[in-house]
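Data first, discussion second: the structure below is written as C-alpha cells.
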Amino acid sequence: MNYREVTVTGEYVGRLETGADWREEIETLAEDVGAEAGWFSALGSVEDAEIWFYDQDDKQYQSVTFDEPLEVAACVGNVGLLDGELFAHTHAVLSRPNGQALAGHINAGTVFAGECQFRAFETPLVRERDESTDLDLWL
Amino acid sequence: MNYREVTVTGEYVGRLETGADWREEIETLAEDVGAEAGWFSALGSVEDAEIWFYDQDDKQYQSVTFDEPLEVAACVGNVGLLDGELFAHTHAVLSRPNGQALAGHINAGTVFAGECQFRAFETPLVRERDESTDLDLWL
Amino acid sequence: MNYREVTVTGEYVGRLETGADWREEIETLAEDVGAEAGWFSALGSVEDAEIWFYDQDDKQYQSVTFDEPLEVAACVGNVGLLDGELFAHTHAVLSRPNGQALAGHINAGTVFAGECQFRAFETPLVRERDESTDLDLWL
Chain L
2 MNYREVTVTG EYVGRLETGA DWREEIETLA EDVGAEAGWF SALGSVEDAE
52 IWFYDQDDKQ YQSVTFDEPL EVAACVGNVG LLDGELFAHT HAVLSRPNGQ
102 ALAGHINAGT VFAGECQFRA FETPLVRERD ESTDLDLWL
Chain B
2 MNYREVTVTG EYVGRLETGA DWREEIETLA EDVGAEAGWF SALGSVEDAE
52 IWFYDQDDKQ YQSVTFDEPL EVAACVGNVG LLDGELFAHT HAVLSRPNGQ
102 ALAGHINAGT VFAGECQFRA FETPLVRERD ESTDLDLWL
Chain R
2 MNYREVTVTG EYVGRLETGA DWREEIETLA EDVGAEAGWF SALGSVEDAE
52 IWFYDQDDKQ YQSVTFDEPL EVAACVGNVG LLDGELFAHT HAVLSRPNGQ
102 ALAGHINAGT VFAGECQFRA FETPLVRERD ESTDLDLWL
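Chains as they are written, first to last, in the numbering used here: chain L, 2 to 140; chain B, 2 to 140; chain R, 2 to 140.
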C-alpha cells in the first residue's frame with residue numbers, strides 16, 4: 002500500500018452547470034481554485050452518460066452509452082495530473098426511474114443538476130503508467 | 002460552475018437509530034450540532050425505502066417504494082435550508098440479498114442500522130427555485 | 002441519534018496494491034498511520050468480490066461471491082476496533098461491463114487497482130454487540 006499524507010488547502014462546494022459535462026465541471030472547479038490534486042464526492046442527475054469498464058485481460062476500456070435521464074446516486078473520485086493536464090478520475094452510480102442502478106467509470110455525461118464537495122490538496126497527484134495494470138496511477 | 006469555499010465548524014460521526022427515518026436522522030444530527038449546511042456520507046441498512054426519480058421533462062418527482070430489507074451500500078448528500086427548514090438532500094445506493102443494486106434520491110426509509118460522517122459548514126446553503134430545472138438548488 | 006465530534010489527526014490518500022485484499026488494504030493503511038478510527042471513501046476495480054447481506058430477521062449475514070472482474074464504482078466505510086482488532090466496515094457498489102450494478106457489504110475482494118482517501122480520527126471507535134440488531138456497532 003503506497004500512501005501519502007495530504008495537506009488540504011481548501012474545501013469547496015459547487016453546483017454543476019446544467020448542460021455542461023459532468024467530469025469537465027469537476028476539472029473546472031479544480032482549475033478555478035488552483036488545485037492539481039484533490040478528492041471529491043458528488044450527486045445529482047444527468048441527461049445521458051458514457052460509462053467505461055476496464056477489461057483487466059485486454060487492458061482496454063470498453064464503453065457503454067446510456068442516452069436517457071439518470072439520477073447520479075453517488076459519485077466519487079479524485080483530481081490529479083495526467084500528461085500534464087488536470088484529470089478528474091470519476092466513478093459514479095446512476096439510476097433509472099424504476100430504481101435500477103448502473104455504475105462504472107464515468108467518462109462523460111450531460112449535467113441536468115449536480116452538487117459536489119471538493120477538498121483541494123497542496124501536492125499534485127501525478128498519474129504515470131503502471132506496468133502490471135497498464136493504467137495511469139498515482140503514488 | 003458556481004462554487005463557494007466552506008469553513009468547517011466541526012466533523013461528526015453518528016449512529017442512526019434503529020426504527021427512525023434515515024433522512025430525518027441526518028437532519029436531526031445537523032440540528033443537534035447547530036449546522037445549517039454540511040456534507041455527509043453514510044452506510045448501513047434499511048427495512049424499506051422510498052426512492053425518488055426526477056422526471057427531467059415533466060419536472061416532477063416519481064416515487065418507487067421498496068418494502069423489503071436493503072443494504073445501504075453508499076449514501077451521499079448535503080444539508081441546507083429549504084423554505085427556512087433544514088433539509089438533507091440525500092442520494093443512496095441500496096442492495097438486495099443477491100447483490101442487485103437499486104439507487105436514487107432517498108426520500109424516506111426505516112433505519113435498521115446506519116453510520117454517518119457529517120462535516121458542518123459555517124455558512125448556510127440556501128435552496129431556491131432554479132428556473133431551468135425547476136429544482137430547489139443552492140449557489 | 003448517538004453522535005460524537007471527531008478530531009482528525011491526519012488525512013491520507015493511498016493506492017491499493019494489485020493482488021491484495023480490498024478490505025485488508027484499508028486496515029493496513031489505518032495500522033500504518035496508527036489510527037484506531039477513521040472514515041474512508043474509495044474507488045477502483047477488483048478481480049472478484051465477496052458481498053454480504055445482513056438478514057434482518059435471522060440476524061445473520063448471507064454471502065454472495067462474484068468471481069469476475071468488476072469496477073468499484075463507490076466504496077464508503079469506517080475503521081474501528083472489533084474485539085480489539087482493526088476492522089474496516091466497508092460497503093461498495095460494483096459494476097459489470099454492461100453497467101449493471103451490484104452492491105452490499107464487501108467482505109473480501111482481490112484488488113486490481115484502487116484509490117482511497119482516509120481521514121484518521123484521534124479517538125477509537127469501538128464496536129460492541131447491539132441487542133436490537135445483533136450487529137457490532139459503535140457509539
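Glycine included, C-beta positions come from ideal geometry on N, C-alpha and C. Small disclaimer: the values here were computed from a predicted structure and weren't measured.
Quick one: measure Cβ to Cβ for residue i and residue j, integer angstroms, because I've assumed they're closer than 8 Å.
i, j, result
"residue 45 of chain R", "residue 112 of chain R", "7 Å"
"residue 3 of chain L", "residue 120 of chain R", "Contact flag wrong, Cβ pair sits at about 18 Å."
"residue 22 of chain L", "residue 75 of chain L", "That belief does not hold up - the Cβ atoms of residue 22 of chain L and residue 75 of chain L are roughly 19 Å apart, past 8 Å."
"residue 88 of chain L", "residue 10 of chain L", "19 Å between Cβ atoms; not a contact."
"residue 42 of chain R", "residue 42 of chain B", "7 Å"
"residue 137 of chain L", "residue 128 of chain L", "4 Å"
"residue 140 of chain L", "residue 24 of chain L", "Residue 140 of chain L to residue 24 of chain L, Cβ: 21 Å. No contact."
"residue 100 of chain B", "residue 103 of chain R", "4 Å"
Please classify residue i: is it buried, with 16 or more other beta-carbons within 10 angstroms of its beta-carbon, or exposed?
i, result
"residue 8 of chain L", "exposed"
"residue 51 of chain R", "buried"
"residue 115 of chain B", "buried"
"residue 79 of chain L", "buried"
"residue 133 of chain R", "exposed"
"residue 130 of chain R", "exposed"
"residue 63 of chain B", "exposed"
"residue 72 of chain R", "buried"
"residue 91 of chain R", "buried"
"residue 19 of chain L", "buried"
"residue 26 of chain B", "buried"
"residue 105 of chain R", "buried"
"residue 81 of chain L", "buried"
"residue 85 of chain R", "exposed"
What in chain B is Cβ-close to residue i, meaning under 8 Å?
i, result
"residue 5 of chain R", "13, 14, 15"
"residue 29 of chain L", "2"
"residue 82 of chain R", "Correct list: empty, because the minimum Cβ distance to chain B is about 14 Å."
Please state the DSSP three-state secondary structure of residue i.
i, result
"residue 86 of chain B", "strand"
"residue 25 of chain L", "helix"
"residue 1 of chain B", "This structure cannot settle anything about residue 1 of chain B, because the visible part of chain B is limited to 2 through 140."
"residue 32 of chain R", "helix"
"residue 57 of chain L", "coil"
"residue 97 of chain B", "coil"
"residue 42 of chain R", "strand"
"residue 111 of chain R", "strand"
"residue 105 of chain L", "strand"
"residue 124 of chain B", "coil"
"residue 15 of chain R", "strand"
"residue 138 of chain L", "strand"
"residue 37 of chain B", "coil"
"residue 8 of chain R", "coil"
"residue 81 of chain B", "strand"
"residue 49 of chain B", "strand"
"residue 133 of chain R", "coil"
In chain B, what lies closer than 7 Å to residue i by C-beta?
i, result
"residue 52 of chain R", "100"
"residue 78 of chain R", "44"
Going along chain L in order, which residues have a C-beta closer than 8 Å to the C-beta of residue i?
i, result
"residue 133 of chain B", "19"
What does residue i touch in chain R if you count any residue whose Cβ is under 9 Å from its own?
i, result
"residue 111 of chain B", "Those do not exist, as residue 111 of chain B stays about 10 Å from chain R at its closest Cβ, beyond 9 Å."
"residue 9 of chain L", "12"
"residue 67 of chain L", "100"
Residue i touches chain L at which residues, Cβ-Cβ below 7 Å?
i, result
"residue 94 of chain B", "74, 75, 94, 102"
Against residue i, what residues of chain R qualify as contacts under a CB-to-CB distance less than 7 Å, listed in chain order?
i, result
"residue 114 of chain B", "134, 136, 138"
"residue 105 of chain L", "72, 74, 96, 100"
Output, in chain order, the set of chain L residues within a Cβ distance shorter than 9 Å of residue i.
i, result
"residue 26 of chain R", "2"
Can you list the residues of chain R that residue i reaches, using a CB-CB cut of under 8 Å?
i, result
"residue 126 of chain L", "14"
TODO: For the region 25–37 of chain R and the region 30–46 of chain B, state whether three or more C-beta atom pairs, one from each stretch, are separated by less than 8 Å.
DONE: no
Task: Within 7 Å of chain C by C-beta, residues of the region 33–65 of chain R in sequence order - done: This model lacks chain C altogether; the protein chains it does include are L, B and R.
Task: Contact between the region 54–67 of chain R and the region 59–78 of chain L (3+ Cβ pairs under 8 Å) - done: no
Open item on the list: Does the region 12–26 of chain R come into contact with the region 20–32 of chain B, if we say contact requires no fewer than three beta-carbon pairs (one atom in each stretch) closer than 8 Å?
Closed with: no
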